[in-house]
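In the working numbering, the protein residues as written are 1 to 408.
For each residue, glycine too, the CB sits at the ideal point set by N, CA and C.
Being a predicted model, the structure only gives us computed values, none of them experimental.
Since the structure comes first, as structure tokens, the remarks are kept for the end.
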Amino acid sequence: MMDLRSGNVYWPDLLCNPPSYSCVEKNLECDVLIVGAGVSGACCAYELKNTGLNVILIEKERVAAGSTSANTGLLQFSSDQLLHQAIQAFGEKAAVEHYKRCCKTIVRLNNQIIPQLPINPDLVMRKSLFFASSEKDQKTIQLEYEALKKAKFNVQYADKREMTEWVPFTRPAALITTGDAEINPYKLTHGLISAAAHAGVKVFEQTEVTVKKASNKSVEFLTKSGYIIKAKKVIFAQGYEAQETKKEKDVVINRTYAIVTNPILDLSFWKEKIMIWETARPYFYARTTADKRIIIGGLDEQVMYLKKTDRKLEAKQVQLIKELEKWFPPLQNHIHAEYKWSGLFANTPDSLPVIGRYEQFPNSYFLLAYGGNGTVTSLLLSKLITRHIMGKKDDAFSFYLRARLYKN
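So, in structure tokens, the structure goes:
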């Protein structure tokens with residue numbers, strides 16, 4: 001079993017008495033089975049809730065108990081592969097369309113989905129500040145500015161002086177983008193699943209399954225308690241644990257670190273609580289919370305042994321505090337980590353998400369929202385997979401298929 005996270009995570013403390021669900025206690029059949037009740041599975045359940053299909057969502061532990069609770073909740077249309085880099089990789093049309101899909105997904109979440117949820121996930125629309133970590137990275141900022149501007153995204157270039165209007169530190173240059181957001185990913189996941197359950201999706205927790213038989217007609221699963229679940233279609237939404245069901249070649253598993261500080265009453269030095277990230281790889285990133293804390297994360301490193309317990313958390317916590325104090329001198333000697341954790345995330349060679357289809361898993365979709373923007377791409381891919389299941393095929397679905405990774 002993967003060690004998806006360690007430490008004490010923040011989000012579950014903000015939702016008292018979250019909804020709970022029973023385990024599977026009889027044989028079941030359905031049109032679509034969703035395996036995994038993190039944010040990816042929750043998005044799938046929500047998208048499928050009004051299709052008229054018989055849908056079942058299962059989770060081997062508790063809803064949102066895995067990587068979702070270690071998610072830092074930054075929703076950005078930009079990704080680890082910057083737009084000008086994506087243009088070089090895929091061409092201008094495909095790269096810009098991907099970025100615009102991500103941008104529209106955040107708008108849809110804010111305007112259409114969240115107003116319908118029974119649990120408020122504390123979404124706040126934010127601007128993002130993306131700064132050059134060093135003098136040599138100023139060119140990266142310039143190239144990204146030109147690409148975003150040409151594609152008609154809302155972006156401003158900020159020099160050293162203009163940057164100090166937003167934060168009390170300077171770097172060679174920065175971009176200010178509009179259209180991002182911060183969210184509580186734990187509440188979002190529970191809200192999406194609650195809405196789906198209310199609409200008729202059957203939800204089960206503490207139900208671990210293995211594939212018993214897969215054919216062109218159906219896929220059968222065996223629960224740990226000995227029951228059979230038979231599905232016409234399956235969506236594997238297991239996050240990084242999907243690597244245990246079907247290992248994807250060239251996917252790299254990394255560990256990231258994050259802390260949440262004590263509440264800070266005066267954040268007036270942080271204009272509009274703009275979200276922050278940088279050009280360095282690995283990079284630091286930061287945001288605020290609804291209860292006036294700061295989340296800072298980073299210090300990513302490749303994981304060689306997935307089941308090995310993380311022993312670096314205390315040292316990483318110290319580094320994150322020091323970085324935050326460098327950015328914000330007014331915080332020096334006034335902050336400490338009240339929550340600290342590490343969590344896994346995965347990256348594809350081109351840093352974009354993947355829809356996996358495999359011959360040995362007929363009638364199945366693997367939603368692999370890999371990269372640093374998993375919540376946004378989970379929403380994006382879940383909608384595309386739902387459309388495909390309903391017979392509505394489009395070019396966007398084809399773009400995210402895993403075959404993209406192996407064209408060369």
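| query | result |
| --- | --- |
| Counted within 10 angstroms of its Cβ, other Cβ atoms place Met125 as buried (16 or more) or exposed | exposed |
| Beta-carbon gap between Trp270 and Phe130 smaller than 8 Å | no |
| N- and C-terminal bounds of the alpha helix (DSSP H) containing Val107 | 92 to 108 |
| Nearest residue (CA-CA) to Val35, options Lys340, Val203, Lys316, Ile335 | Val203 |
| Uninterrupted beta strand (DSSP E) stretches inside the region 207 to 287 (no shorter than 3 residues) | 209 to 214, 219 to 223, 228 to 236, 252 to 261, 275 to 278 |
| Segment limits, alpha helix (DSSP H) that includes Met125 | Here Met125 belongs to no alpha helix (DSSP H); instead the beta strand (DSSP E) covers 124 to 131. |
| Closest residue to Ile114 among Pro329, Glu135, Ile193 (Cα-Cα distance) | Ile193 |
| Val35, enclosing beta strand (DSSP E) - first and last residue | 28 to 35 |
| Whole-angstrom C-beta distance between Asp300 and Asn254, which should lie under 8 Å | 5 Å |
| Range covered by the beta strand (DSSP E) that runs through Tyr145 | No beta strand (DSSP E) contains Tyr145, which is instead part of the alpha helix (DSSP H) from 138 to 150. |
| Same chain, Cβ closer than 6 Å to Ser78, neighbours up to 5 away in sequence not counted | none |
| Cβ distance (whole Å) where Tyr46 is taken to contact Ala196 below 8 Å | 5 Å |
| Segment limits, alpha helix (DSSP H) that includes Leu320 | 313 to 327 |
| Cβ-based burial, Cys103 [other Cβ within 10 Å; buried from 16] | buried |
| 6 Å CB neighbourhood of Thr377 in its chain, flanking five on each side removed | Pro353, Ala369 |
| Through-space distance from Ala37 to Asn120, alpha-carbon basis | 18 Å |
| Residue closest to Glu182, alpha-carbon to alpha-carbon, out of Ile321, Ile274, Cys23 | Ile274 |
| First through last residue of the beta strand (DSSP E) which encompasses Lys392 | Where Lys392 is concerned, there is no enclosing beta strand (DSSP E), given that its DSSP letter is neither H nor E. |
| Unbroken stretches of the alpha helix (DSSP H), 4 residues or longer, contained in the region 154 to 183 | 160 to 163 |
| Alpha-carbon to alpha-carbon, Gly191 and Leu117 | 5 Å |
| Coil, strand or helix - Phe366 by DSSP | strand |
| Val155 versus Lys127, Ile321, Trp166, Pro263, residue with shortest Cα-Cα distance | Lys127 |
| Of the listed residues Phe397, Gly7, Lys393, nearest to Leu380 (C-alpha basis) | Phe397 |
| Same chain, Cβ closer than 6 Å to Thr210, neighbours up to 5 away in sequence not counted | Leu222 |
| Three CB pairs or more closer than 8 Å across the region 159 to 168 and the region 43 to 63 | no |
| Residue burial classification, Val32 (beta-carbon count within 10 angstroms, cutoff 16) | buried |
| Residues near Glu208 by beta carbon distance below 8 Å, same chain, minus five either side | Lys60, Thr223, Lys224 |
| Backbone CA spacing between Leu14 and Ile335 [nearest angstrom] | 20 Å |
| For Glu301: DSSP bridge partner residues | Arg255 |
| Whole-angstrom distance between Glu272 and Leu405, CA atom to CA atom | 39 Å |
| Coil, strand or helix - Leu380 by DSSP | helix |
| Backbone CA spacing between Leu384 and Met390 [nearest angstrom] | 10 Å |
| Within 8 Å, strictly: CB atoms of Leu175 and Tyr157 | yes |
| Extent of the continuous alpha helix (DSSP H) to which Gly41 belongs | 39 to 48 |
| Asp394 classed as buried or exposed, judged by whether at least 16 other C-beta atoms fall within 10 angstroms | exposed |
| Residue environment, Val318, which counts as buried when at least 16 other CB atoms sit within 10 Å | exposed |
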